[in-house]
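A.B. asks:
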Amino acid sequence: NLHLLTPEFALAGFALVVFLLDLFVPNDRKHLLGWLSALGLVGLAVLSVLMLSGEKESLYNGLLAVDDYSLFFKVFFLAIGVFIILSSIDYVKLHLNHPGEFYGLLLFSILGMNLMAMSRELLTAYISLELLSFSLYVMVAYALGNPKSNEGSLKYIIIGALSSAILLYGISMVYSTLGVTKFEAIAQSLIDLSSVSPALWAGLALVIAGLGFKLAAVPFHMWAPDAYEGAPLPVTAYLAIASKAAAFALVLRLLAEAFVPVTERWDQWQIIIVVLAALSMVVGNLVALAQSNLKRLMAYSSVGHVGYILAGIAVLAPDSLMGANGVIFYLVGYSVTSMVVFAALIAFFNATGQEEIPDLAGLADRQPFLAMAIAIGLFSLSGLPIFVGFTIKFYLFTAVANEGYLWLAGLAILTSLISLYYYLQVIRQMYIQPALVAPAQSDHDEVEAEEGASGEGEDDEHTHTPAHHESSADYIPLPRPSAALIFVVALGLIATIALGVYPAPLLELVEAASAAIIPGG
Amino acid sequence: MSLQSYLVISIILFCLGIFCVLTRRNAISILMGIELILNSCNLNFAAFSRFVTPPDDISGQVIALFGIVLAAAEAAVFLAIILAIYREFRTISPDETDTLKG
Numbered sequence: 001n002l003h004l005l006t007p008e009f010a011l012a013g014f015a016l017v018v019f020l021l022d023l024f025v026p027n028d029r030k031h032l033l034g035w036l037s038a039l040g041l042v043g044l045a046v047l048s049v050l051m052l053s054g055e056k057e058s059l060y061n062g063l064l065a066v067d068d069y070s071l072f073f074k075v076f077f078l079a080i081g082v083f084i085i086l087s088s089i090d091y092v093k094l095h096l097n098h099p100g101e102f103y104g105l106l107l108f109s110i111l112g113m114n115l116m117a118m119s120r121e122l123l124t125a126y127i128s129l130e131l132l133s134f135s136l137y138v139m140v141a142y143a144l145g146n147p148k149s150n151e152g153s154l155k156y157i158i159i160g161a162l163s164s165a166i167l168l169y170g171i172s173m174v175y176s177t178l179g180v181t182k183f184e185a186i187a188q189s190l191i192d193l194s195s196v197s198p199a200l201w202a203g204l205a206l207v208i209a210g211l212g213f214k215l216a217a218v219p220f221h222m223w224a225p226d227a228y229e230g231a232p233l234p235v236t237a238y239l240a241i242a243s244k245a246a247a248f249a250l251v252l253r254l255l256a257e258a259f260v261p262v263t264e265r266w267d268q269w270q271i272i273i274v275v276l277a278a279l280s281m282v283v284g285n286l287v288a289l290a291q292s293n294l295k296r297l298m299a300y301s302s303v304g305h306v307g308y309i310l311a312g313i314a315v316l317a318p319d320s321l322m323g324a325n326g327v328i329f330y331l332v333g334y335s336v337t338s339m340v341v342f343a344a345l346i347a348f349f350n351a352t353g354q355e356e357i358p359d360l361a362g363l364a365d366r367q368p369f370l371a372m373a374i375a376i377g378l379f380s381l382s383g384l385p386i387f388v389g390f391t392i393k394f395y396l397f398t399a400v401a402n403e404g405y406l407w408l409a410g411l412a413i414l415t416s417l418i419s420l421y422y423y424l425q426v427i428r429q430m431y432i433q434p435a436l437v438a439p440a441q442s443d444h445d446e447v448e449a450e451e452g453a454s455g456e457g458e459d460d461e462h463t464h465t466p467a468h469h470e471s472s473a474d475y476i477p478l479p480r481p482s483a484a485l486i487f488v489v490a491l492g493l494i495a496t497i498a499l500g501v502y503p504a505p506l507l508e509l510v511e512a513a514s515a516a517i518i519p520g521g
Numbered sequence: 001m002s003l004q005s006y007l008v009i010s011i012i013l014f015c016l017g018i019f020c021v022l023t024r025r026n027a028i029s030i031l032m033g034i035e036l037i038l039n040s041c042n043l044n045f046a047a048f049s050r051f052v053t054p055p056d057d058i059s060g061q062v063i064a065l066f067g068i069v070l071a072a073a074e075a076a077v078f079l080a081i082i083l084a085i086y087r088e089f090r091t092i093s094p095d096e097t098d099t100l101k102g
């Protein structure tokens, strides 16, 4: 029954084929490799969806599991891969060397993520995590001529390699005291354990530290702002969306299968994750208030979101699916929204080469579609209704409050409010600030431009004086983004609103996924 | 040798590795520290497989083999990134590549 692993074998072979074709494709046709990879990923996603109705079992005597949980995440990762490739084709063509290998590395990292969702054993989890991490280390360094990219990548790989090593040491300590590495066997031996030895404490602490680095939870988050700022924008998007989702898929399965069934210990150990969650929420959102670079802002805001998801993980229970549902639903909603924001930012960068918040001034006039996309995405991330961001936060915080952690839910709501401030700062730049006028303007027109551009739809009382028309027409116009980017942004916007208003079909899939890992649900 | 001797050696290696990563000014020395930590983990796994688990359960030794492979792959990627840093900054000290702030 190795045929259940067909998507993984196909993905590995496909990545090798892309690397091979990269040698033969001429330089001006390399973007075809991107389209080819996207096509392959779509095919594999369809195959994985078909497998949802097939047989589900553990492979290799309990190392890998093909069940609803891993198939859900497989389809999710493949879909994210498709959208990242679609958003990045123009960026890679314009700004990066060696485009063919970029797509090959992306495919290998998706393979690592698939295996992370499937792994039911500590070593398999570690190997697949490393596969993802190695591809990411190289992808962050991809903008070779850019000193920020090199520096961000150096910081990322030093801290990432250190955290992998610490994680491995923790795994060895856990192996020493329990003698097993499969998740179910760990749960069984923890139930039989009379007392927790110091070696096991040390091992568990090191495992949490190692995984905390990968998730960018506070206090292990110091690499995230520099790596996000240094990386090329599509890789930043990939880091923020996919690698976080994969790490959470792994942590969720690890905790749900290995620690949550041990009820009396899990009740004592929950507090560690609660503390990490609270710290991440507070620090991530507060430090984001001071940022002026868009990528750094998204990095700190993603640390805040990690805090919310960790709060959901802390309330996992052996008899209720609400915590796991909340976490998985939050991951999907957060990824959809972030995809919208990042795709719009990539389109902006392709056109202007700028990534600071003041550069977004007047985007509502220059390119209203992108401004609307970024505005809707940021409103959704802060949790405003009719967007998916509200639905995911409502569901997750309800699950947290249901388990008794009312203060944590309250803290989460408070920090969501704080996050609205820095998201609104970006939206204010786009809609309220005047666009930069073109250099060859008279002083008269510059004075007119101080009045400010009109907002979208809500400020109907702004009268359009003829002079105002003249000045608002003097901004530097933005070329239309490419068809692939418009497609990704439009699809993301539709999903953001549709999932926010009618999440029931997705919630059914999410519930099937969490029922696969929580035994008592 | 008893289990304790192996564990003491591996803990010493682990601490030396962390010391290297935290205090060195040369990226390659940091890589050596990380390799030290990974080797201490391999030693741990092999020792536990010999002394703690039943004699026919060699999973610890298999994990150690995988660990060696992963450490080698990590070193390859790390050195490639150090090369890229050197081309850009003409130095391989992380202290001096400090343009990103905040």
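Line by line, the protein sequences give chains A and B.
Note that the UniProt record's numbering numbers the first sequence so that position 238 is 238, with each residue one more than the last.
Note that the UniProt record's numbering numbers the second sequence so that position 66 is 66, with each residue one more than the last.
Beta carbons: idealized from backbone N, C-alpha and C, even for Gly.
Straight-line CA distance for S128/A to M113/A?
C.D. replies: The residue you call residue 128/A lines up with position 128 of the first sequence. The residue you call residue 113/A lines up with position 113 of the first sequence. In this structure, the CA atom of S128/A is about 7 Å from the CA atom of M113/A.
A.B. asks: Could you check how far apart the C-beta atoms of G104/A and S163/A are, in whole angstroms? I think they sit under 8 Å.
C.D. replies: The residue labelled residue 104/A in the question sits at position 104 within the first sequence. The residue labelled residue 163/A in the question sits at position 163 within the first sequence. About 25 Å; that fails the 8 Å criterion.
A.B. asks: Using a Cβ cut-off of 8 Å, pull out every chain B residue sitting near F134/A, in sequence order please.
C.D. replies: Position 134 of the first sequence holds residue 134/A. Simply A73, E74 and V77.
A.B. asks: If we call anything under 8 Å between Cβ atoms a contact, is F9/A one with L107/A?
C.D. replies: As a first step, residue 9/A must be located in the first sequence, where it is residue number 9. As a first step, residue 107/A must be located in the first sequence, where it is residue number 107. No.
A.B. asks: Verify the CB distance criterion: does L65/B have a CB-CB separation below 8 Å to chain A?
C.D. replies: For the purposes of this step, residue 65/B is taken as the residue at position 65 of the second sequence. Any Cβ of chain A closer than 8 Å to the Cβ of L65/B would place that residue at the interface, and such an atom is absent.
A.B. asks: Give the residues of chain A in contact with F91/B, contact being defined as C-beta atoms less than 8 Å apart.
C.D. replies: Working through the second sequence from its first residue, we reach residue 91/B at position 91. Before going on, a small fix: residue 91/B reads as Thr here, not Phe. Within chain A, no residue comes near T91/B; the closest Cβ sits about 11 Å away, beyond 8 Å.
A.B. asks: Hey, how far is the Cα of E55/A from the Cα of E121/A?
C.D. replies: Within the first sequence, residue 55/A is the residue found at index 55, counting from 1. Within the first sequence, residue 121/A is the residue found at index 121, counting from 1. Linking E55/A to E121/A through their CA atoms gives a straight-line distance of about 21 Å.
A.B. asks: Anyone know if the C-beta pair for V492/A and V388/A falls short of 8 Å?
C.D. replies: On the first sequence, residue 492/A is found 492 positions in, with the first residue counted as 1. On the first sequence, residue 388/A is found 388 positions in, with the first residue counted as 1. According to the sequence as given, residue 492/A is Gly; it is not Val. It is not a contact, given that the beta carbons lie outside the stated cut-off.
A.B. asks: Going by alpha carbons, who is nearest to P225/A out of A401/A, F83/A, T181/A and S301/A?
C.D. replies: Residue mapping note: residue 225/A aligns to position 225 of the first sequence, counting from 1. Of the candidates A401/A, F83/A, T181/A and S301/A, the one whose C-alpha sits nearest the C-alpha of P225/A is S301/A.
A.B. asks: Can you look up N97/A in the DSSP assignment and give me helix, strand or coil?
C.D. replies: Start at 1 with the first residue of the first sequence, and residue 97/A comes out as number 97. Three-state result, N97/A: coil.
A.B. asks: Roughly how many angstroms lie between the CA atoms of L115/A and K214/A, to the nearest whole one?
C.D. replies: For this step, residue 115/A is matched to residue 115 along the first sequence. For this step, residue 214/A is matched to residue 214 along the first sequence. Cα to Cα, L115/A sits roughly 16 Å from K214/A.
A.B. asks: Please confirm whether V29/B has its beta-carbon closer than 8 Å to some beta-carbon of chain A.
C.D. replies: Here residue 29/B corresponds to residue number 29 of the second sequence, with the count starting at 1. Per the sequence shown, the amino acid found at residue 29/B is Ser instead of Val. False, the Cβ-Cβ gap to chain A never drops below 8 Å.
A.B. asks: For L59/A, report the span of its beta strand (DSSP E) as first-last.
C.D. replies: To locate residue 59/A, count along the first sequence from 1; it is residue 59. It spans E57 to L59 - the beta strand (DSSP E) in which L59/A sits, taken as one unbroken run.
A.B. asks: In three-state terms, what does DSSP make of V66/A?
C.D. replies: In the first sequence, the residue the question calls residue 66/A occupies position 66. V66/A: strand per DSSP, three-state reduction.
A.B. asks: Unbroken alpha helix (DSSP H) runs of length 4 or more, entirely within the region 187-256 of chain A: which are they?
C.D. replies: The alpha helix (DSSP H) runs of length 4 or more contained entirely in the region 187-256 of chain A are, from start to end of the chain, 198-215, 223-230, 233-238 and 244-254.
A.B. asks: Compare the beta carbon distance of A240/A and G152/A with 8 Å and say whether it is the shorter of the two.
C.D. replies: Here the question's residue 240/A lines up with position 240 in the first sequence. Here the question's residue 152/A lines up with position 152 in the first sequence. Contact: no.
A.B. asks: So is T23/B in contact with chain A if we call contact Cβ pairs under 8 Å?
C.D. replies: As a first step, residue 23/B must be located in the second sequence, where it is residue number 23. With 8 Å as the cut-off, T23/B does not count as an interface residue toward chain A.
A.B. asks: Which term fits M1/B, buried or exposed, when burial requires 16 or more other beta carbons within 10 angstroms of its beta carbon?
C.D. replies: What you label residue 1/B is simply residue 1 of the second sequence in a count that begins at 1. The residue in question, M1/B, is exposed, as its Cβ has fewer than 16 Cβ neighbours within 10 Å.
A.B. asks: Near A375/A, which residues of its chain fall below 6 Å by C-beta distance, leaving aside the five closest residues on each side in sequence?
C.D. replies: Numbered from 1 along the first sequence, position 375 holds the residue referred to as residue 375/A. For A375/A, where only same-chain residues beyond five positions count, the Cβ hits under 6 Å are I427.
A.B. asks: I want to verify the contact list: residues of chain A whose CB lies under 9 Å from the CB of V52/B, in sequence order.
C.D. replies: One-based indexing of the second sequence puts residue 52/B at position 52. Result: Y175, S176, T177 and G179.
A.B. asks: So for N39/B, helix, strand or coil by DSSP?
C.D. replies: Here residue 39/B is taken as the residue at index 39 of the second sequence, counted from 1. The answer is helix: DSSP assigns N39/B an H, G or I state.
A.B. asks: DSSP state of K393/A, grouped into three classes?
C.D. replies: Against the first sequence, residue 393/A aligns to sequence position 393. Of the three classes helix, strand and coil, the one that applies to K393/A here is helix, per DSSP.
A.B. asks: Using beta carbons (cut-off 8 Å, strictly below), is K214/A in contact with chain B?
C.D. replies: One-based indexing of the first sequence puts residue 214/A at position 214. It does not; no Cβ of chain B falls within 8 Å.
A.B. asks: Within 8 Å (strictly less), CB to CB, does A12/A reach chain B?
C.D. replies: Start at 1 with the first residue of the first sequence, and residue 12/A comes out as number 12. For A12/A, no Cβ of chain B is located within less than 8 Å of the residue's own Cβ.
A.B. asks: Taking the DSSP output, what are the residues bridged to E264/A?
C.D. replies: Mapped onto the first sequence, residue 264/A falls at position 264. Answer by DSSP bridge pairing: none, since E264/A is not bridged.
A.B. asks: Tell me, please, whether the CB atom of L100/B is closer than 8 Å to any CB atom in chain A?
C.D. replies: Walking along the second sequence from the start, residue 100/B turns up at place 100. It does: the Cβ of L100/B has a partner Cβ on chain A nearer than 8 Å.
A.B. asks: Under DSSP, the alpha helix (DSSP H) around N325/A begins and ends at which residues?
C.D. replies: Stepping through the first sequence from its first residue, residue 325/A is reached at position 325. That run of the alpha helix (DSSP H) goes M322 to T352.
A.B. asks: Does any C-beta atom of chain B lie closer than 8 Å to the C-beta of V341/A?
C.D. replies: Taking the first sequence and counting its residues from 1, the one referred to as residue 341/A is at position 341. With 8 Å as the cut-off, V341/A does not count as an interface residue toward chain B.
A.B. asks: Would you verify that the beta carbon of F137/A is, or is not, closer than 8 Å to some beta carbon of chain B?
C.D. replies: On the first sequence, position 137 is the one that residue 137/A refers to. Just to set this straight, residue 137/A is Tyr in the shown sequence, not Phe. It does: the Cβ of Y137/A has a partner Cβ on chain B nearer than 8 Å.
A.B. asks: Return the CA-CA distance between L38/B and L83/B, expressed in angstroms with no decimal places.
C.D. replies: If you number the second sequence from 1, residue 38/B lands on position 38. If you number the second sequence from 1, residue 83/B lands on position 83. Those two C-alpha atoms are separated by around 22 Å.
A.B. asks: Taking 8 Å as the CB-CB limit, is P519/A close to chain B?
C.D. replies: Looking up residue 519/A in the first sequence gives position 519. Interface with chain B (8 Å Cβ-Cβ cutoff): P519/A is excluded.
A.B. asks: Could you tell me the distance, in whole angstroms, from the CA atom of F24/A to the CA atom of G81/A?
C.D. replies: As a working mapping, residue 24/A is identified with position 24 in the first sequence. As a working mapping, residue 81/A is identified with position 81 in the first sequence. Computed Cα separation, rounded: 24 Å.
A.B. asks: Give every residue of the same chain whose Cβ lies closer than 6 Å to the Cβ of Y60/A, excluding the five residues on either side of it in the sequence, and list them in chain order.
C.D. replies: In the first sequence, residue 60/A corresponds to position 60, counting from 1. Close CB contacts of Y60/A within its chain, under the 6 Å cut and outside five residues either way in sequence, are absent.
A.B. asks: Leaving out five residues before and five after L13/B in sequence, what residues of the same chain have Cβ atoms less than 6 Å from its Cβ?
C.D. replies: For this step, residue 13/B is matched to residue 13 along the second sequence. For L13/B, the CB contacts under 6 Å within the same chain, skipping 5 residues up- and downstream, are L36 and S40 in chain order.
A.B. asks: Please report the distance separating the alpha-carbon of A490/A from that of G17/B.
C.D. replies: Taking the first sequence and counting its residues from 1, one reaches residue 490/A at position 490. Taking the second sequence and counting its residues from 1, one reaches residue 17/B at position 17. Straight-line Cα distance between these residues: approximately 49 Å.
A.B. asks: Closest Cβ-Cβ distance between S419/A and chain B: below 8 Å?
C.D. replies: On the first sequence, position 419 is the one that residue 419/A refers to. Closer than 8 Å: no.
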